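So the first sequence is numbered by our numbering: it starts at 35 and just counts up by one.
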Amino acid sequence: MMITITDDFDPEKIAASGQCFRWRKVDEKTYRIIAADHCLYISQDGDQTYQVDCDESTFQTEWYSYFDLDESYQAVRERIAPEQDPFLWQAMEHEKGIRILRQDPWEMLITSVITQNRNIPAIQRSIELLSQVCGNRQYDSRGHEFFVFPTPGQIVALNEQQLLDCKLGYRWKYVHAAAEAVADGKINLLKLQKASCGEAVRQLTGIYGIGNKVANCVALFGLHQLDAFPQDVWINRVLENEYPNGYPFESYSPYNGVYQQYMFAYYRNHP
DNA sequence: AGGCAGGCTTTTA
DNA sequence: TAAAAGCCTGCC
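Shown next, in the form of structure tokens:
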């Protein structure tokens with residue numbers, strides 16, 4: 035089936051933006067995306083058209099929301115004038131095409147824990163291993179197997195060695211603790227989706243192994259709190275180098291997280 | 001109390 | 001060898 039996307043949408047940039055780790059480039063025009071228990075092949079066809087291997091209703095129920103197609107990222111970009119913030123404007127010009135995906139909160143909770151102190155290939159490998167070790171096996175439209183991201187119960191059931199085999203290193207305890215918190219109902223992700231950003235971050239940082247940065251990643255990428263602002267080493271450099279007199283969080287609300295994502299990608303690509 | 005150094009697994013460049 | 005979408009513990 036063919037789809038048309040007129041707003042900002044650049045699969046290359048999204049795949050490299052550090053928010054999703056189960057996008058795999060399979061050829062020059064095509065990405066294979068695993069999200070929840072679905073797998074999508076999406077190929078660039080024309081300027082704003084793409085081929086997808088699902089029907090209309092599956093696209094509407096699973097992928098339209100995943101790609102956050104109700105939000106205009108062009109409009110979010112245009113809230114900032116070039117003379118108002120030359121650095122941010124330039125970052126957005128370079129990284130135009132990024133969107134904030136609506137990913138599963140539980141998957142983003144574990145994924146964000148795994149990202150700490152690691153680079154993207156290593157993160158992808160751990161997530162893939164974890165899914166293979168205890169996630170359900172399914173088959174995509176091309177007959178290839180893929181593994182659904184594990185449930186909390188499936189991760190809780192793993193022992194130390196099995197988690198270490200997923201190359202989690204010292205993070206294995208954090209992954210286990212987060213899975214346990216969700217499995218036990220100490221953390222209710224459905225309720226967090228209705229909570230404020232601040233309340234969500236407060237609850238998430240109560241979990242062993244989850245600090246402010248990871249909690250904000252979960253809020254932004256898993257709870258779609260577009261104002262959440264994950265502050266990592268790269269963003270710290272941005273704030274130090276480009277905003278020595280302070281960053282205008284108030285005037286960029288409620289899209290601080292979106293702007294953060296442009297700046298993050300831009301600074302990593304232009305060191 | 002709040003800030004800071006040191007350590008942690010493994011991979012990547 | 002250092003750095004990588006950090007966090008915890010222990011010490012002051």
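Positions of the beta carbon are idealized from the N, C-alpha and C atoms, including for glycine.
As the structure is a prediction and not an experimental result, all values here were calculated from the model.
Asked, Found
"Helix, strand or coil at Lys-59 [DSSP, three-state]", "strand"
"Per-residue DSSP class, three states only, for Leu-257", "coil"
"Proximity to Ala-212 [Cα-Cα], best of Val-252, Gly-232, Arg-176", "Val-252"
"Under 7 Å between C-beta atoms of Leu-164 and Cys-200", "yes"
"With 16 other Cβ atoms within 10 Å as the buried cut-off, status of Glu-12", "Nothing about residue 12 can be read from this structure; the chain reaches only from 35 to 305."
"Residues near Ala-125 in its chain [Cβ-Cβ closer than 7 Å; skip 5 each side]", "Tyr-296, Met-297, Tyr-300"
"Spatial distance of Asn-151 from Ile-157 (CA atoms)", "10 Å"
"Boundaries (first-last residue) of the beta strand (DSSP E) holding Tyr-65", "64–69"
"4-residue-minimum alpha helix (DSSP H) runs that sit fully inside the region 108–180, ordered along the chain", "120–129, 139–149, 154–168"
"Close Cβ partners of Ser-77 (< 7 Å) along its chain, the five nearest in sequence each way excluded", "Lys-63, Thr-64, Tyr-84, Gln-85"
"The region 233–243 touching the region 108–122, judged by at least three CB pairs closer than 8 Å", "no"
"Beta-carbon proximity of Leu-135 to Tyr-100, cut-off 7 Å", "yes"
"Short Cβ contact (7 Å threshold) for Asp-61 with Ser-106", "no"
"Per-residue burial, Gly-219 [other beta carbons within 10 Å of its own, 16 or more giving buried]", "exposed"
"DSSP-derived helix/strand/coil call for Met-35", "coil"
"Buried or exposed (CB count within 10 angstroms, at least 16 for buried), His-258", "buried"
"Spatial distance of Gly-291 from Glu-141 (CA atoms)", "19 Å"
"Gln-137 beta carbon less than 7 Å from that of Cys-168", "no"
"Local Cβ density within 10 Å of His-210, reported as buried at 16 or more and exposed below that", "buried"
"Collapsed DSSP secondary structure at Leu-74 in the structure displayed", "strand"
"CA nearest to the CA of Gln-294, picked from Gly-240, Phe-93, Pro-264, Asp-87", "Pro-264"
"Start-to-end residues for the alpha helix (DSSP H) that takes in Val-182", "Looking at the DSSP string, Val-182 is not in any alpha helix (DSSP H), and its letter there is neither H nor E."
"Beta-carbon proximity check, Ala-69 vs Trp-57, cutoff 7 Å", "no"
"Residue from Asn-246, Gly-256, Leu-202, Lys-207 with nearest C-alpha to Lys-225", "Gly-256"
"DSSP-derived helix/strand/coil call for Thr-83", "strand"
"Cβ neighbour criterion (16 or more within 10 Å) applied to Thr-38", "exposed"
"Local conformation of Asp-199 per DSSP, three classes", "helix"
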